[in-house]
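Residue numbers (full-length UniProt numbering): 1 to 348.
C-beta: ideal position from N, C-alpha, C; glycine also.
Okay, so here's the structure we're looking at.
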């Protein structure tokens, strides 16, 4: 059976459907850290922040922003262009392909860099520049060539942080006009020609060898200085010991002479006799040593006089040792005490 269609009910149903579509189209939910640029009849109207927002369908429309991102497949980078109505305010990284750069010493290197930026003013990012991401990329590449082109290759490897800071400082002013903040720029990789890389390896090996040689020479120098200082201190100590030993021997001989003179008398004739006897003893002790290195020994003329003095001394008083011992024994009997010096003087 055909049911009669009420025109009023059909119109109401159409109105309800259109209302639902309008509400669904006009209700916009913006997520956190995102923003939308809304145009009313083709001109800027407002920004939609995070939360629930309502727009007038067909009258108000979001303005999209063009973004370029690179996707790496193997060793190649492929650009992907998208039109996004929702503008992301978070910090974004742009890893653009490596760029050939010529240094001041005419070496062509390929530099791969990464750029970190953030959209601060979405309105400027949409209306002040036609393609914001492409403009930032081109600005980064040209600034990189300008900064690196002022440096030599060795300086470039030593000053990566300086290069990053200079690129960032050069990009801040033009990027701020587009509502973009350049957070930082990083030089990731520097690729050199094979012959330059080989030459740098040889240079590095030679530099390390030179440092090793210098270090070894400094060690040998320090060891030689320490050895010389040790020998010097040892010689000083030996000289001091010889000096003290000579002084003690001289003092002993002096005491011995005093004892002999006190035993036989201290007249001039007795003094000369004792001195001649002691010198003769020194000659006799030195004769075996003098005869060790040769077959002939030359005895000075004065030695005969000394030997004669020794004979005279023996004729007069026997020997100095006997005279000293006799004198000490007489002194001991007179004083009535014993002394351990008598035995020492007699044995010497």
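Among the options, whose alpha-carbon lies nearest the alpha-carbon of residue i?
i	options	result
residue 46	14, 144, 91 and 126	126
residue 132	43, 32 and 174	174
residue 115	123, 109, 135 and 11	135
residue 25	52, 10 and 211	52
residue 76	33, 112 and 93	112
residue 32	242, 90, 250 and 230	90
residue 195	101, 107, 230 and 17	107
residue 172	118, 21 and 34	118
residue 57	222, 27 and 206	27
Return helix, strand or coil for residue i, following the three-state DSSP convention.
i	result
residue 146	helix
residue 188	strand
residue 100	strand
residue 26	helix
residue 431	Lying before the first or after the last residue shown, residue 431 is absent from the chain, which here runs from 1 to 348.
residue 58	coil
residue 159	coil
residue 48	strand
residue 32	coil
residue 115	strand
residue 317	Any reading at residue 317 needs caution, since the residue's pLDDT is 45, under 50, leaving its predicted position unreliable; the model's value is listed next. Looking at residue 317 - three-state DSSP - the assignment turns out to be helix.
residue 107	coil
residue 194	helix
residue 89	coil
residue 53	strand
For residue i, which residues in the same chain have their Cβ closer than 7 Å to its Cβ, ignoring the five residues on either side in sequence?
i	result
residue 64	83, 84 and 85
residue 67	82, 84 and 133
Compute the Euclidean distance between the alpha carbons of residue i and residue j, then round it to the nearest angstrom.
i	j	result
residue 78	residue 43	34 Å
residue 198	residue 204	10 Å
residue 166	residue 186	11 Å
residue 411	residue 49	Residue 411 is absent from the model: the chain starts at 1 and stops at 348.
residue 236	residue 219	26 Å
residue 146	residue 192	18 Å
residue 88	residue 209	54 Å
residue 23	residue 54	8 Å
residue 183	residue 94	12 Å
residue 163	residue 200	21 Å
residue 130	residue 35	18 Å
residue 38	residue 70	28 Å
residue 123	residue 176	12 Å
residue 18	residue 12	10 Å
residue 160	residue 62	42 Å
residue 251	residue 234	25 Å
With 16 as the cutoff for other CB atoms within 10 Å, does residue i come out buried or exposed?
i	result
residue 213	exposed
residue 96	buried
residue 143	buried
residue 41	exposed
residue 140	buried
residue 80	exposed
residue 215	exposed
residue 240	exposed
residue 101	buried
residue 170	buried
Please confirm whether any heavy atom of the ligand GTP lies closer than 8 Å to the CB of residue i.
i	result
residue 273	Absent from the structure shown: the ligand GTP. Ligands present: none.
Leaving out five residues on either side along the sequence, give the residues of the same chain with a beta carbon under 8 Å from the beta carbon of residue i.
i	result
residue 103	109, 148, 149, 151, 152, 153 and 156
residue 224	none
In chain order, what residues of the same chain lie with their CB nearer than 6 Å to the CB of residue i, ignoring the 5 residues before and after it?
i	result
residue 121	179
residue 29	52
Is there at least one Cβ from chain B nearer than 9 Å to residue i's Cβ?
i	result
residue 213	The structure shown has no chain B; it contains just one protein chain.
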